[in-house]
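Quick note on numbering: the numbering used here labels position 51 of the sequence shown as 79, and the sequence is numbered without any gaps.
Note that CB positions come from ideal geometry on N, CA and C, so glycine has one too.
Shown next, in structure tokens, is the structure this report addresses.
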Amino acid sequence: MNSDFEFLLSFGKSLRDRRIKKNLSQEKLAAEAGLHRTYIGALERGEKNVSLLNLKRLADTFGIELHELLNFNA
């Protein structure tokens with residue numbers, strides 16, 4: 029497996045775990061972050077490379093600092 033893809037998969041798993049712990053559906057997270065549900069799904073599957081602004085939106089939605097969102101095992 030490509031190391032870039034593995035990195036994206038690790039981020040996606042972390043995002044999914046955080047979303048589930050907050051009891052949010054992909055649709056609810058997307059709506060609160062101003063993103064599309066399919067984009068959230070693609071991030072969680074490691075299919076998309078997230079932008080810095082979207083990372084900020086996600087962190088704000090989770091009520092955490094940006095660096096906390098990026099703290100995952102790659």
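Query, Result
"Near Leu83, which residues of its chain fall below 8 Å by C-beta distance, leaving aside the five closest residues on each side in sequence?", "Leu94, Leu97 and Leu98"
"Considering Cα atoms alone, identify which of Ser38, Ala58 and Asn30 is closest to Ala14.", "The structure shown does not extend to residue 14, since the chain is modelled only from 29 through 102, so no value can be given for it."
"Tell me which same chain residues have a C-beta within less than 7 Å of the C-beta of Gly74, skipping the five on either side of it?", "Phe33, Leu36, Leu37 and Gly40"
"What first and last residue would you give for the alpha helix (DSSP H) that runs through Leu52?", "Unbroken run through Leu52: none, as it is neither H nor E."
"Verify whether the separation of the beta carbon atoms of Ala70 and Thr89 is less than 8 Å.", "no"
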